[in-house]
Structures are given as structure tokens and as C-alpha cells.
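Residue numbers (UniProt numbering): 1 to 299.
Note that beta-carbon positions come from the ideal geometry of N, C-alpha and C, so glycine has one too.
Remember, predicted model here, so these are calculated numbers, not experimental data.
Printed below as a string of C-alpha cells:
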């Protein structure tokens, strides 16, 4: 293994020297296995490389350096400076910023943007709480449906998905940044979660139904305890509104732009837990004709 690491180090150093000496390249960031140290014989060297000029294609380059596979994402300086602004903190690009290391930079603007991009505002963390929470509610619902219809194997698959969704929610709401190995991180932080995860992964066919129900009960209990924490931003938003809101009213608000949140599912769960109230409102067309009544929510 030592020889393998040395091989990657030589290839990485050789590649970085070539990039540094190229006047058209301004900076490079490394992420992935080379940075984390979990190398194996199939690992790539993963780099973000910022170029001086525009890139004509999507900029995904696959090459080799001294026999080691290399994956490079090329982006122009212009694109790099706007990249973070186009995506919510906590999203994929932001997580790359946080999990990467700036190997070199010849440009002060690029360096400054990299440093700023590693910041994770509380409001963005709370937005991602709702994304992960709505995903979790969906996974639990699917799992329950399969259990009710004796689809034990599909329920098992859904239970694993629910545990992964919960792991994202738990890690994010605990103040950490999620990663590809989010379940390992979550189980290191939560002993009960680790115990249930082990039971779920190594369950026998005879005990599968029982363990899946244990998982659901664990997730439901956590939701009942922490639902106000997971929906804090939405509750604050609703308190500031002067009228009851439908899920669509909330979805189209600029505060929640570009977020994949199932608001009706969130609102229903908040209603079940007695946090908010619901009533009906007439839905009208442009000529003020009543078409149907819709659910609206308020505090």
C-alpha cells in the first residue's frame, strides 16, 4: 500500500507542476481520495482547474499521469466567480469547496472567492434541513406503504433510503457538512442510529419485518422531538405572513428558490404535530370564479 501511495504522490506532484507552469491556468483545487487518504488501486486524482479563458465544452477531462487516472473539471475564471452565487450553500458545488484544498492560485480574485465559498450561513443550513426532512418523510411513507402491502423486500430497500435521508438531516442539523459517506458520519455521532443500522444491514429474513418497524419507530420518535428544529425557517417565515398560505404560495416565494422541498408533506406533518393550523380557501380563476377549495396553513 505504501508503494501505491508513493505512486499517487509522484503522479499528483508531476501533474500540479505542469498545471502551475501553464500560463492559461490560474488555480487548482484537489478533492476526493487523494485528499482524504482513502486511496485504493482504482482511485482517480480529482481536480477542479480554473482557467483564464472560457471553456467551449463542459470541461470534463479524463486523462492519465504516470499511469494514474485523472479526472479534471475545467472551468473559466468568469464561471468560477459566479458558480457559488448560482447555487445554495450546502449544495454539491459548495460541498466540493468545503471538502477540497486549494493547491495553488495565481489570482487574488479566485483565492478570495474560494475562501468565501467555504462559508456555510445558518439560513442555508436551515433550508437544507427542510430539503432532507421532506425527503425523509417521503421515504418513511414509501416504506410504510410497502409494509402494509406485504412488500417486505421493497420496504427493506426503502428503510435503507430512509436511514440515508435521516443521516443527511441529522448531520446537517448538527452543524456539520454532509459527504458521500454521510451514513458513516451520522452513525459515529449517534449510537442508537449505529445500532439500528447494523441490525438493518445484517438482519435475517425472519426478523426483517420487525427491524424495519423498529427503524420507522426510531425515525418517527426523532421527528416528534425535533420537528420544530427541522422546520425552524419555515415557521419563522409563516409567522411573518399576514395571511394563511398554501404549499404553492410557499414554494414560489424567493426565499425557497431552487429548492426541492415537498412543502405539502412538511405542512401536513407540522399539522399532525400541532405546530400549525389549517383551513380551506377558495381557489379562483382570473375572473374571480371559484374553482375549488385548497388547503392553507397558518400559525
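**Prompt:** Which runs of the alpha helix (DSSP H) fall wholly inside the region 246 to 289 and span at least 4 residues, in chain order?
**Reply:** Runs of the alpha helix (DSSP H) inside the region 246 to 289: 247 to 251, 263 to 272.
**Prompt:** With distances taken from CA atoms, which of 298, 121, 248 is nearest residue 260?
**Reply:** Of the listed residues, the one whose Cα sits closest to residue 260 is 248.
**Asked** So, helix, strand or coil for residue 29, using DSSP?
**Response** Look at residue 29 here: in three-state DSSP terms it is strand.
**Prompt:** What do you reckon, are the CB atoms on residue 159 and residue 72 nearer than 8 Å?
**Reply:** The answer is no: Cβ separation not under 8 Å.
**Message:** Using a Cβ-Cβ cutoff of less than 7 Å, which residues in the same chain neighbour residue 203 once the five nearest sequence positions on both sides are dropped?
**Reply:** Listed in chain order, the non-local C-beta contacts of residue 203 below 7 Å within the same chain comprise 211, local neighbours out to five positions each way being set aside.
**Asked** Expressed to the nearest angstrom, what Euclidean distance is found between the alpha-carbon atoms of residue 178 and residue 168?
**Response** One C-alpha to the other measures close to 6 Å.
**Prompt:** Helix, strand or coil for residue 296 per DSSP?
**Reply:** Residue 296 sits in a strand when the DSSP states are folded into three classes.
**Asked** Considering only the beta carbon of each residue, do residue 233 and residue 127 sit closer than 8 Å?
**Response** In contact: residue 233 and residue 127 (Cβ atoms closer than 8 Å).
**Message:** Quick check on the DSSP output: the alpha helix (DSSP H) that includes residue 231 runs from which residue to which?
**Reply:** Segment: none, residue 231 is in no alpha helix (DSSP H) and carries neither H nor E.
**Prompt:** CA-CA distance, residue 43 and residue 68?
**Reply:** Roughly 8 Å separates the two Cα atoms.
**Asked** Where does residue 89 fall in DSSP's three states?
**Response** Annotation note: pLDDT 49 at residue 89 (below 50); position unreliable, no value reported.
**Prompt:** Would you report the Cα separation of residue 220 and residue 102, rounded to the nearest angstrom?
**Reply:** Residue 220 and residue 102 have their C-alpha atoms some 41 Å from each other.
**Request:** In the DSSP assignment, find the alpha helix (DSSP H) that holds residue 68 and state where it starts and stops.
**Result:** First-last for residue 68: 68 to 76, but that is the beta strand (DSSP E), not the alpha helix (DSSP H).
**Asked** So, are the CB atoms of residue 224 and residue 268 less than 8 Å apart?
**Response** No, these two residues do not count as a Cβ contact at 8 Å.
**Asked** CB-CB under 6 Å to residue 81, same chain, minus the five flanking residues each way: which ones, in chain order?
**Response** Answer for residue 81: 113, listed in chain order.
**Message:** Are the CB atoms of residue 26 and residue 105 within a distance shorter than 8 Å?
**Reply:** Yes, the pair counts as a contact, with Cβ atoms nearer than the cut-off.
**Asked** How big is the Cα-Cα spacing for residue 193 and residue 282?
**Response** Whole-angstrom Cα-Cα distance: 44 Å.
**Message:** So, for residue 216: in the same chain, excluding its five sequence neighbours on each side, which residues have a beta-carbon less than 7 Å away from its beta-carbon?
**Reply:** Cβ within range, chain order: 140, 143, 144.
**Message:** Here's a check: name, in chain order, each residue in its chain whose Cβ is nearer than 6 Å to the Cβ of residue 284, leaving out the five neighbours to either side.
**Reply:** Here the set comprises 290.
**Prompt:** Between which two residues does the alpha helix (DSSP H) carrying residue 179 extend?
**Reply:** Looking at the DSSP string, residue 179 is not in any alpha helix (DSSP H), and its letter there is neither H nor E.
**Prompt:** Got a sec, what are the start and stop residues for the alpha helix (DSSP H) residue 123 sits in?
**Reply:** Start and end: 122 to 148.
**Request:** For residue 28, count neighbouring C-beta atoms within 10 Å of its own C-beta (all shown protein chains included) and say buried if the count is 16 or more, exposed if not.
**Result:** Per the 10 Å Cβ criterion, buried.
**Selection from 62, 45, 63, 111 that minimises the alpha carbon distance to residue 77** = When only C-alpha atoms are compared, the closest one is 111.
**Item:** Per DSSP, the bridge partner or partners of residue 101
**Value:** DSSP lists 30 as partners of residue 101.
**Item:** For residue 198, the first and last residue of its enclosing alpha helix (DSSP H)
**Value:** Where residue 198 is concerned, the enclosing alpha helix (DSSP H) starts and stops at 191 to 201.
**Asked** Excluding five sequence neighbours on each side, which residues of the same chain lie with their C-beta closer than 7 Å to the C-beta of residue 237?
**Response** Excluding positions up to five away in sequence, the list reads 255.
**Prompt:** In this structure, does DSSP put residue 164 in helix, strand or coil?
**Reply:** Per DSSP, reduced to three states, the secondary structure at residue 164 is helical.
**Request:** Report, in whole angstroms, the separation of the C-beta atoms of residue 62 and residue 152, which I expect to be a contact under 8 Å.
**Result:** Not a contact, Cβ separation roughly 42 Å.
**Asked** So, using beta-carbon positions, are residue 83 and residue 49 closer together than 8 Å?
**Response** Taking the C-beta atoms as reference points, residue 49 is found no nearer than 8 Å to residue 83.
**Request:** Look at residue 129 and residue 174 and say whether their C-beta atoms are less than 8 Å apart.
**Result:** Not closer than 8 Å, so no.
**Asked** With which residues is residue 47 paired in a DSSP beta bridge?
**Response** Secondary-structure assignment with DSSP links residue 47 through a beta bridge to 30, 72.
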